[in-house]
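These protein sequence lines map, in sequence, to chains A and B.
For the first sequence, numbering that gives the first Met the number 0 assigns the number 0 to the initial residue and increments by one for each residue that follows.
For the second sequence, numbering that gives the first Met the number 0 assigns the number 0 to the initial residue and increments by one for each residue that follows.
Comments concern the structure below.
Number of protein chains: 2
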Amino acid sequence: MRAPYGLNILDNCLTCSVREEHLFCNLSVHAGQRLNEIKSTAVYPKGAMLFIEGQQPRGVFVLCAGKAKLSTSSREGKTIITKLSDAGDVLGLNAVISNHPYEVTAEMMEPGQANFIPRESLVQFLKDHGEVALRVAEQLSRNYFTAYDEIRTLGLATSPSEKFAKLLLSWSTKTAQNDGAGQVKLTLTHEEIAEIIGTTRETVSRLFSEFKKKQLLQLKGSTLIIRNRPALEKIVQS
Amino acid sequence: MRAPYGLNILDNCLTCSVREEHLFCNLSVHAGQRLNEIKSTAVYPKGAMLFIEGQQPRGVFVLCAGKAKLSTSSREGKTIITKLSDAGDVLGLNAVISNHPYEVTAEMMEPGQANFIPRESLVQFLKDHGEVALRVAEQLSRNYFTAYDEIRTLGLATSPSEKFAKLLLSWSTKTAQNDGAGQVKLTLTHEEIAEIIGTTRETVSRLFSEFKKKQLLQLKGSTLIIRNRPALEKIVQS
DNA sequence: TGACGTGAGTGACCTTGATCACAACTGTAA
DNA sequence: TTACAGTTGTGATCAAGGTCACTCACGTCA
């Protein structure tokens with residue numbers, strides 16, 4: 000089955016197959032059926048906006064395939080990327096639960112697929128299935144801790160090098176549990192990295208040069224290799 | 000009835016009397032009774048630590064009287080204050096729900112009183128009373144939005160003056176709905192203000208001078224008067 | 001009354017990173 | 001191939017704040 004944008008549609012985009020500990024996993028049969036009724040699946044091209052900061056919350060999106068970036072902008076156009084999401088993540092949950100406008104913009108960074116659950120249906124679903132509400136609370140507090148970590152990074156780490164090192168480490172711990180050296184596929188532009196750590200493109204460029212010279216990292220094409228993890232950890236220090 | 004620290008014990012420290020929209024308000028009779036059984040009340044002196052960043056979550060504290068500051072520190076000793084809490088606030092909820100260590104330190108800024116609900120009891124209570132779990136979810140998402148606002152402030156506002164102006168406005172909107180001029184009792188030291196906006200004590204001092212010179216604010220003893228709100232709003236711009 | 005501690009104001013200096021301005025490099029489409 | 005847009009590397013400049021080092025003001029306590 001072929002979808003637009005050269006993507007294969009996943010016949011059964013159940014998030015459980017993607018991530019075991021997931022919000023909507025291991026539900027009772029009845030709850031699972033109900034969930035299947037209220038969700039709908041769609042395919043998105045690169046650059047598609049799932050939702051935009053300030054919009055009234057229409058519902059949540061459960062990413063099945065592809066990556067998305069979550070960002071906020073100031074009026075002057077300065078943008079910060081607050082999170083990179085991939086398959087299994089639930090987007091827009093906070094806004095939907097509290098019925099506040101979406102606090103971020105969610106943009107697909109590559110073609111992907113997502114399940115959509117409208118707000119009304121979800122809220123009703125949670126009222127009918129109290130046991131899932133507690134799961135939602137847990138997910139929300141996980142979101143909170145992620146946000147809190149962001150605060151620590153932005154508020155406590157003074158220099159861009161510190162934040163950059165922290166970012167590199169967070170990448171390599173996520174992926175490189177297999178071998179010690181830590182290889183990461185680098186899919187972001189310097190501009191985007193700058194928006195994550197809150198600095199300018201030029202500074203990111205200089206940081207790459209500096210870290211390469213200090214043998215902290217190495218670049219092979221678009222593959223990033225962490226060369227000296229302890230040194231990076233020493234830079235972080237928070 | 001006299002308590003230590005020169006504080007009168009509130010005989011009935013029900014949070015509902017403090018804040019109507021509160022988490023544990025308007026419960027069913029049964030739930031209310033149960034809650035009364037599992038909570039305990041205590042009085043704290045100025046400087047008392049309700050809990051400390053990194054500790055295993057013992058339970059939540061519902062502030063009845065007094066103010067508390069929530070803060071995080073880096074290893075090098077740099078500290079940021081992330082929130083000032085007062086009567087009615089629930090502290091430690093995120094940690095308790097997700098069973099992560101407390102992400103902040105909660106310190107009493109003045110003598111006060113709080114209800115304590117142990118973790119185990121609260122979790123059991125929420126399991127027994129599913130309707131309250133959804134309330135908790137809402138509260139968590141409110142916490143999340145507060146955190147998110149902090150991220151926006153730290154990440155998007157570049158200059159200390161911008162953050163300072165934002166802080167001043169947040170103070171005056173909360174208190175001065177009565178008259179336009181905006182009077183606030185200033186209880187924080189410059190040091191503490193610096194920890195809120197992420198700068199140094201000296202810079203805060205200079206900001207006060209600068210804003211006074213520009214007729215944006217005025218100080219009468221420890222009373223802060225906002226003189227030119229539109230100008231402050233123009234400085235914020237985010 | 002004086003000693004002490006804490007908080008506040010202010011000047012001098014100096015590092016850091018933002019900004020501007022190009023040049024070099026990449027891939028893609030014509 | 002050329003043309004072009006998007007990305008990256010790098011130097012020169014500059015202003016904003018952090019840091020340091022004081023002094024002053026105001027309390028409390030002995």
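The C-beta atom is built at its ideal place from N, Cα and C for all residues, glycine as well.
In this text the structure is predicted, and so the values were computed from the model without any measurement.
- At a cut-off of 8 Å, the C-beta of A/I96 has a neighbouring C-beta in chain B.
- In the three-state reduction of the DSSP assignment, B/A156 falls in the coil class.
- At the C-beta level, B/A41 and B/A136 stay beyond 8 Å of one another.
- Of the residues assessed, B/T71 falls on the buried side of the cut-off, its CB having 16 or more other CB atoms within 10 angstroms.
- Fully contained in the region 21-52 of chain A are the following alpha helix (DSSP H) runs of length 4 or more, in chain order: 28-37.
- Taking the Cβ atoms as the reference, B/V89 lies roughly 6 Å from B/L22, within the contact range of under 8 Å.
- Taking CB atoms only, B/T172 has no neighbour in chain A less than 8 Å away.
- Among the CB atoms of chain B, none fall inside 8 Å of the CB of A/Q55.
- Counting C-beta atoms within 10 angstroms of its own C-beta, A/M107 has 16 or more neighbours from the protein chains shown and is therefore classed as buried.
- Distance from A/T152 to A/Q182 at the Cβ level is roughly 23 Å; contact not present, criterion being Cβ atoms closer than 8 Å.
- Contact with chain A is absent for B/R200, since none of that chain's Cβ atoms lies less than 8 Å from the residue's Cβ.
- A/A67: member of the beta strand (DSSP E) spanning A67 to S72, first to last residue.
- Secondary structure of A/T222 (DSSP, three-state): strand.
- Runs of the beta strand (DSSP E) lying entirely within the region 103-165 of chain B, each at least 3 residues long, are 104-107 and 111-117 in chain order.
- Near chain B, meaning a CB-to-CB distance below 8 Å, no residue of the region 34-58 of chain A qualifies.
- Between the C-alpha atoms of B/P44 and B/I96 there is a straight-line separation of about 27 Å.
- For the options B/K212, B/V122 and B/V131, the alpha carbon positioned closest to that of B/N25 is the one of B/V131.
- Among the residues of chain A, those whose CB is under 7 Å from the CB of B/Y147 are E102 and A146, following chain order.
- As a beta-bridge residue in DSSP terms, A/Q182 pairs with A/I224.
- The C-beta distance from A/L139 to B/Y143 rounds to 6 Å, short enough to fall under 8 Å.
- Taking CB atoms only, A/K212 has no neighbour in chain B less than 8 Å away.
- At least one CB atom of chain B sits nearer than 8 Å to the CB of A/T71.
- Close partners of A/I79 in chain B (Cβ separation under 7 Å): G154 and L155.
- Here B/T104 is buried, its C-beta having at least 16 other C-beta atoms within 10 Å.
- The beta carbon of B/D85 sits closer than 7 Å to those of L62 and K66, all from its chain and outside the five residues before and after it, given in chain order.
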